[in-house]
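Trainee: In the numbering used here, the protein residues as written are -14 to 172.
Built from N, CA and C at the ideal position, the CB exists for glycine as well.
This structure is a prediction, so every number in the text was calculated from the model and none was measured.
#1: How far does the beta strand (DSSP E) with residue 95 in it extend, from its first residue to its last?
#2: Assign residue 35 to one of three DSSP states: helix, strand, or coil.
#3: In terms of residues, what are the limits of the beta strand (DSSP E) holding residue 82?
#4: When we look at the beta-carbon of residue 55 and count the other beta-carbons within 10 Å, is it buried (16 or more) or exposed?
#5: In three-state terms, what does DSSP make of residue 130?
#6: Going by alpha carbons, who is nearest to residue 93 out of 79, 83, 85?
#7: Tell me, to the nearest whole angstrom, how far the beta carbon of residue 21 is from that of residue 127; I am working on the premise that it is less than 8 Å.
#8: Using CA coordinates, which residue listed in 38, 140, 47, 27 is at the minimum distance from residue 64?
#9: I'd like the span of the alpha helix (DSSP H) that includes residue 99, first residue to last.
#10: Between 44, 89, 98, 88, which has its C-alpha nearest residue 73's C-alpha?
#11: Report all residues from its chain with a CB closer than 7 Å to the CB of residue 26; omit the five preceding and five following residues, and keep chain order.
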């Protein structure tokens, strides 16, 4: 019975996601970072801020880990801890490049054949801080290799997002416990 309920829930989420993306009128049309080097982007990132959505609601200590698969796609593992229950939530998906592999424009799926946009639109030269937009104005993430981001980078990313139509007043700033690792830059 649990498997059946889980399958029905995942199916409903997938169908809802497809319908939402098809009907959402305002698209984000910002060029992704280019040139882009996937190998430098791989590894662990901490979520600094997001536009909230159902999967991440009430989560803290949110991280994303990217690993290259043998077929050239990218394994994506998102995780976080519920602020009230302390329960860890993990979701594993797959990302593929939308076009050229030297552009930071990917599509990500956590529900079988249903993909959503993941476009790295700002990225520092050292691959330590990133601003990611979805396909529409409801998806935005600020990521860092550590649990904090310099104010100058944060402000630049916020201004960039606002200029491109994002409502930055709706951002959720992700809390991270003090024992979280300080830096996850690749060696």
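Mentor: Walking through what the data contain:
#1: 90 to 96
#2: strand
#3: 73 to 82
#4: exposed
#5: coil
#6: 79
#7: At roughly 18 Å, the Cβ-Cβ gap does not stay under 8 Å, so residue 21 and residue 127 are not in contact.
#8: 47
#9: Run containing residue 99: none in the alpha helix (DSSP H); it sits in the beta strand (DSSP E), 99 to 108.
#10: 44
#11: 51, 112
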